[in-house]
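Chemist: Protein chains in written order, with the numbering used here: chain A, 27 to 389; chain B, 27 to 389; chain C, 27 to 389.
Here a beta-carbon is modelled for each residue, glycine too, at the ideal position from N, C-alpha and C.
Here you go, one structure.
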Amino acid sequence: MTHSIKAIAAAIGAEAVGDLGLTISRASEPADAGPDDLAMAMAPKFQADIPKGRARAALLAPGADWQALGLRAAILAPRGRLAMAGVTALLDPGQHFAPGIHASAVIDPTAEIGDGVSIGPLAVIGARARIGAGSVIGPHCVIGADVALGPGAFLRELVSIGARATIGARFIAQPGVRIGGDGFSFVTPEVSGVEMARATLGDQGETKAQAWLRIHSLGSVTIGDDVEIGANSTVDNGTIRDTFIGSGTKIDSLVQVGHNVRVGTDCLLCAQAGVAGSSEIGNNVVLGGQTGVGDNLIVGDRVIAAGGTKILSNVPEGRVMMGYPAVKMDAFTEAYKAIRRLPRLARDISALKKAVFKDEPTE
Amino acid sequence: MTHSIKAIAAAIGAEAVGDLGLTISRASEPADAGPDDLAMAMAPKFQADIPKGRARAALLAPGADWQALGLRAAILAPRGRLAMAGVTALLDPGQHFAPGIHASAVIDPTAEIGDGVSIGPLAVIGARARIGAGSVIGPHCVIGADVALGPGAFLRELVSIGARATIGARFIAQPGVRIGGDGFSFVTPEVSGVEMARATLGDQGETKAQAWLRIHSLGSVTIGDDVEIGANSTVDNGTIRDTFIGSGTKIDSLVQVGHNVRVGTDCLLCAQAGVAGSSEIGNNVVLGGQTGVGDNLIVGDRVIAAGGTKILSNVPEGRVMMGYPAVKMDAFTEAYKAIRRLPRLARDISALKKAVFKDEPTE
Amino acid sequence: MTHSIKAIAAAIGAEAVGDLGLTISRASEPADAGPDDLAMAMAPKFQADIPKGRARAALLAPGADWQALGLRAAILAPRGRLAMAGVTALLDPGQHFAPGIHASAVIDPTAEIGDGVSIGPLAVIGARARIGAGSVIGPHCVIGADVALGPGAFLRELVSIGARATIGARFIAQPGVRIGGDGFSFVTPEVSGVEMARATLGDQGETKAQAWLRIHSLGSVTIGDDVEIGANSTVDNGTIRDTFIGSGTKIDSLVQVGHNVRVGTDCLLCAQAGVAGSSEIGNNVVLGGQTGVGDNLIVGDRVIAAGGTKILSNVPEGRVMMGYPAVKMDAFTEAYKAIRRLPRLARDISALKKAVFKDEPTE
Chain A
27 MTHSIKAIAA AIGAEAVGDL GLTISRASEP ADAGPDDLAM AMAPKFQADI PKGRARAALL
87 APGADWQALG LRAAILAPRG RLAMAGVTAL LDPGQHFAPG IHASAVIDPT AEIGDGVSIG
147 PLAVIGARAR IGAGSVIGPH CVIGADVALG PGAFLRELVS IGARATIGAR FIAQPGVRIG
207 GDGFSFVTPE VSGVEMARAT LGDQGETKAQ AWLRIHSLGS VTIGDDVEIG ANSTVDNGTI
267 RDTFIGSGTK IDSLVQVGHN VRVGTDCLLC AQAGVAGSSE IGNNVVLGGQ TGVGDNLIVG
327 DRVIAAGGTK ILSNVPEGRV MMGYPAVKMD AFTEAYKAIR RLPRLARDIS ALKKAVFKDE
387 PTE
Chain B
27 MTHSIKAIAA AIGAEAVGDL GLTISRASEP ADAGPDDLAM AMAPKFQADI PKGRARAALL
87 APGADWQALG LRAAILAPRG RLAMAGVTAL LDPGQHFAPG IHASAVIDPT AEIGDGVSIG
147 PLAVIGARAR IGAGSVIGPH CVIGADVALG PGAFLRELVS IGARATIGAR FIAQPGVRIG
207 GDGFSFVTPE VSGVEMARAT LGDQGETKAQ AWLRIHSLGS VTIGDDVEIG ANSTVDNGTI
267 RDTFIGSGTK IDSLVQVGHN VRVGTDCLLC AQAGVAGSSE IGNNVVLGGQ TGVGDNLIVG
327 DRVIAAGGTK ILSNVPEGRV MMGYPAVKMD AFTEAYKAIR RLPRLARDIS ALKKAVFKDE
387 PTE
Chain C
27 MTHSIKAIAA AIGAEAVGDL GLTISRASEP ADAGPDDLAM AMAPKFQADI PKGRARAALL
87 APGADWQALG LRAAILAPRG RLAMAGVTAL LDPGQHFAPG IHASAVIDPT AEIGDGVSIG
147 PLAVIGARAR IGAGSVIGPH CVIGADVALG PGAFLRELVS IGARATIGAR FIAQPGVRIG
207 GDGFSFVTPE VSGVEMARAT LGDQGETKAQ AWLRIHSLGS VTIGDDVEIG ANSTVDNGTI
267 RDTFIGSGTK IDSLVQVGHN VRVGTDCLLC AQAGVAGSSE IGNNVVLGGQ TGVGDNLIVG
327 DRVIAAGGTK ILSNVPEGRV MMGYPAVKMD AFTEAYKAIR RLPRLARDIS ALKKAVFKDE
387 PTE
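Below, the structure written as structure tokens:
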């Protein structure tokens, strides 16, 4: 399928210049581009690669001298990554999942399948599950009993959704997503060493060894509209109420969302981040890769955590955090610089001790 | 299904007061509770929410003035989370997996299926596998050749168990658990940079670039009784002997247990924790979320590691650990406070240098 | 199946001594060994265990007094783990996946299946996928449309490969591997708080809350020859070009490789490591367990990162790194020691202040 420069520019709301009828069939990095490709060169450093390839058209920043780059047409977009969103949506070739319901799928007769739903080979749909209109259920997906999945969902292969989950419109799940595993919640008959160590900040005392009793998950998972979850990520069931993920939130690969957690709207949880049980994440929060949030904490709206941050106490709204334990990023940077200066400080102190106390300098 | 207050109290061994014949059908958070719900309000802060809902019965701490809260009945439990274990076990609605063996399951004729086993749609059971009586094998599970799975197992959807694994009674596996992937074990023909860097603590010398040769996993995985493993967690095969997980140990989501690891009894491994190859974890150990344990280490009985801890050397029994590298939690706290005071120390040193040496103050 | 000592020694290129015709059927740890087992005792500490078992033959370091250990035969190997590679390859009993194509597999008629390929129960092969000769596709694998998988692949159960991925020869994927989930790439219509915080190193300013627009992944994944990927690991699609993993690279369990990442040849990425979008990892790089690499970074050839390292800036080739943020391991060690000495330094400063300024000592 091909698209004219004019049509692409119109679709993404950008200006087009040159031969607007020129058609392209895919997007490429500038050096790799063939004559039917749109070279993606929004950043000036990529413009220099255009002559290395054979592109006749490119996506450029406004003001770029497209003719000097040897192009016949260009699309000029002031915010490059925003233009990327539009162009890639237009050119996405997709997974080629076949329309319709594959004969090998195992669908409970009480399930309600909306109009235009496609269900891939060997998918399993449980009793009373409701699949919203236009949804695509990939091969080998398992949808549990009483699940309500909104319209326009796109589930890649091998996704599972546990019983009673409720999911809004346009849900996207990458391969291997696990919604609705039971929460990790155990208790000892008597006070445990962990409870003691938390209370004392480090001393578990003489608590005896005990076995763990299971607290079952009676809650499920509720997810808003326009949520996307990455490959092999896990969202656990709540204990009494549902674990909750707000509309517009995007979750990367291998992320863990624990039982009872509430994640607000329009958050980003980057790869391998984890949020422990019963914590609340506000709206528009960004957790960098491998960030951890302890249990029963509150992370305010608009908080940003750099990659690797371990949040061990509540964070007020708007903070930019870093470190283990997490502190404000500028405090982290100051402490880091101070640590780097420590050997010099130690030498200064030795010299002072020698001068003041007539000490021999220490190491 | 409904339960009387009297029956619930008896089942969990707690005291009941008020109208003991009142029946409830599910548990709820107090503010959400309807008239047929048991409001879960063991902590005082939740009691205040009871009037916001419509509960007629609640689970409360002993001494709570249940009549003043407008309730008709109450269950009084001295250890709230312990009562939760009992109540949630009673009220768990489960996944509605159908009994019996689904016609679409692919079961090797040499497999031995115990009495009362249910096997879900599209599950695969390998040659000579033995499935203990009363086990539930969820949809799309894959049980390898020669696996021995004890009685009363409950495997959610899409769980896999590799060939020759041996698993005790009442095993619970959440969706996507992977038992028996091969261990990650490679060797270079000559000494590698990693070996040099470990020996010298940081200098890999002039070792040349080499390819990695695979050490195959001849061992499998042995798991005791009453073990639970969380969604998408992985337990790798041993190299010569089996990787081992002791009875009563509970493992959360996205946890990695490497080859040859031995985990003792009644441990908790929280989400995204990882234990590298050949390490030994004692009994009653708790590893917080995102904890890492390096390879070939020994972690003693009753050790507790706070979330995010990176254990890089052996840990004696009973220690409460934190940090990267892990130290005792009180040492971590002391170091952390000292780092926060560093800018002030640096200013003190500048002032001293000026006074003693007549220096200009440094930054 | 049994092997003579002579045959094993020849296969791994090592010296054999004693009764070369003695046959063994498996490898064991010395204390567990039966009379038909080869005791694996390359390290001196394991030799002492030989008399605890019943081994008649062992794999030993050169110079070991095998007769004094009561053995009838021995294989003497100067580099123990290298010998392990050879012995374990010979004795690996495998997964017992049946040869041929299982009747329950769902194979698109346009797929090209090479000679001698075996495809397990309930596997799904998409349109125009090409499966190289001699490959083994495990039960429940899902191979997407237009995938090119080289010869000799071995895919364990429940592996998925997204559309258009290109994979070289002898690929090994452990259970639950996810190749080709879409990359995690989103943009706000206007400048976001994250962009501001990155530019200012901590201040997100007054940016307003915005929803995230999706940047689709048009690229796929390209993987070289002799690559192995561990259980439940994820490799995401590239945005415009393919995400790339070089030949000979080995990836452990629960590792995340983000969109556009380039990993060189012969790298090791240990368990739960993560590489964020668009970063480049050189050749022969080793990332320890739970290592994180930020986005858009360059990690040079032969870099070694200790477990838990968080790499937040470019790393020159050959460096051995540790810490958060990552620094050279010797700098990390020096800083760590300095932090441990901080309480003493603080006391020294108090004493100096008292002596110089006649201050009361501070805490």
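1. Can you list, in chain order, the residues of its chain with a C-beta nearer than 6 angstroms to that of residue 389 of chain A? Leave out the 5 residues immediately preceding and following it.
2. Assuming residue 102 of chain A is part of the beta strand (DSSP E), what are its boundary residues?
3. Does residue 207 of chain A come out as helix, strand or coil in the three-state DSSP assignment?
4. Please confirm whether residue 387 of chain B has its beta-carbon closer than 9 angstroms to some beta-carbon of chain C.
5. How would you list, in chain order, the residues of chain A whose beta-carbon sits under 9 angstroms from the beta-carbon of residue 115 of chain B?
6. Hey, residue 27 of chain A and residue 228 of chain C: beta-carbon distance below 9 angstroms or not?
7. How would you call residue 71 of chain B, buried or exposed, if buried means at least 16 neighbouring beta carbons within 10 angstroms?
8. Alpha carbon to alpha carbon, how far is residue 246 of chain B from residue 287 of chain B?
9. I want to see whether chain C comes within less than 9 angstroms of residue 340 of chain A, judged by CB atoms only; does it?
10. Any C-beta of chain C within less than 9 angstroms: which residues of the segment 103 to 133 of chain B qualify?
11. Going along chain B in order, which residues have a C-beta closer than 8 angstroms to the C-beta of residue 316 of chain C?
12. Where residue 121 of chain A and residue 198 of chain A are concerned, what is the direct C-alpha to C-alpha distance, given to the nearest angstrom?
13. Below 8 angstroms on the Cβ atoms is my guess for residue 262 of chain A versus residue 242 of chain A; work out the distance and round it to an integer in Å.
14. What residue from B:324, B:97 and B:106 has the CA that sits closest to residue 303 of chain B's CA?
15. So residue 360 of chain C contacts chain B; which residues on that side make the cut at Cβ distance below 7 angstroms?
16. Here's the rule: buried if 16 or more other CB atoms are within 10 angstroms of the residue's CB, otherwise exposed. What is residue 387 of chain A?
17. Mind checking whether residue 109 of chain A and residue 42 of chain A have CB atoms under 9 angstroms apart?
18. Can you name, in chain order, every residue of its own chain whose Cβ lies under 6 angstroms from the Cβ of residue 329 of chain A, other than the five neighbours on each side?
19. Should residue 114 of chain A go down as buried or exposed, given a rule of 16 or more other Cβ atoms within 10 Å for buried?
20. So, at 6 angstroms on beta carbons, what are the nonlocal neighbours of residue 239 of chain B in its own chain, with the 5 sequence-adjacent residues on each side left out?
21. Closer than 8 angstroms is the cut-off here; do at least three beta carbon pairs connect the segment 29 to 40 of chain C with the segment 87 to 102 of chain C?
22. Quick check on residue 336 of chain C: does DSSP put it in helix, strand or coil?
23. If you measure from the beta carbon of residue 263 of chain A to each beta carbon in chain C, is any gap under 9 angstroms?
24. Determine, for residue 258 of chain A, whether the minimum Cβ-Cβ distance to residues of chain B falls below 9 angstroms.
25. Are the Cβ atoms of residue 56 of chain C and residue 35 of chain C separated by less than 9 angstroms?
26. Closest Cβ-Cβ distance between residue 236 of chain B and chain A: below 9 angstroms?
27. With a threshold of 8 angstroms on Cβ separation, who are the neighbours of residue 89 of chain C within its own chain once the five nearest residues in sequence on each side are excluded?
28. Is residue 164 of chain B near residue 175 of chain B, with beta carbons less than 9 angstroms apart?
29. Along the chain, which unbroken stretches of the beta strand (DSSP E) at least 3 residues long are found entirely within the segment 88 to 164 of chain A?
30. So residue 300 of chain B and residue 314 of chain B are supposed to be a Cβ contact under 8 angstroms. How far apart are they, rounded?
31. Determine, for residue 271 of chain C, whether the minimum Cβ-Cβ distance to residues of chain A falls below 9 angstroms.
32. Please tell me whether residue 364 of chain B has its Cβ less than 9 angstroms away from any Cβ of chain C.
33. Given that a residue counts as buried once 16 or more other Cβ atoms are within 10 Å of its Cβ, and exposed if not, what is residue 351 of chain A?
34. Output the distance between the C-alpha atoms of residue 95 of chain C and residue 63 of chain C, rounded to the nearest integer angstrom.
35. Along chain B, in chain order, which residues have C-beta atoms closer than 9 angstroms to that of residue 280 of chain A?
36. Which of the three DSSP states is assigned to residue 226 of chain B in this structure?
Modeler: Quick look at the numbers:
1. Residue placement at residue 389 of chain A is flagged as unreliable, the pLDDT there being 44, under the threshold of 50; a coordinate-derived value is accordingly withheld.
2. 99 to 102
3. strand
4. Legend: pLDDT at residue 387 of chain B = 49, less than 50; position of this residue unreliable, value from coordinates given subsequently. By this cut-off, residue 387 of chain B is not an interface position.
5. 239, 240, 241 and 242
6. For residue 27 of chain A and residue 228 of chain C, no; Cβs fall outside 9 angstroms.
7. exposed
8. 11 angstroms
9. no
10. 130 and 132
11. 300, 316, 318 and 336
12. Distance between the alpha carbons of residue 121 of chain A and residue 198 of chain A is about 13 angstroms.
13. That belief does not hold up - the Cβ atoms of residue 262 of chain A and residue 242 of chain A are roughly 12 angstroms apart, past 8 angstroms.
14. B:324
15. In chain order: nothing, as chain B lies at least about 10 angstroms away.
16. Low confidence applies here, because residue 387 of chain A scores a pLDDT of 49, under 50, leaving its location unreliable; read the following figure in that light. Exposed: under 16 other Cβ atoms inside 10 Å.
17. It is not a contact, given that the beta carbons lie outside the stated cut-off.
18. 311, 341 and 345
19. buried
20. 213
21. Touching, per the Cβ criterion.
22. strand
23. no
24. Closer than 9 angstroms: yes.
25. no
26. no
27. 102
28. no
29. The segment 88 to 164 of chain A contains these whole beta strand (DSSP E) runs: 99 to 102.
30. Between residue 314 of chain B and residue 300 of chain B the Cβ distance is about 12 angstroms, and since that is not below 8 angstroms, they are no contact.
31. Using beta-carbon distances, residue 271 of chain C does not count as an interface residue toward chain A, since no partner is under 9 angstroms.
32. yes
33. buried
34. 15 angstroms
35. 258, 280 and 298, listed in chain order.
36. helix
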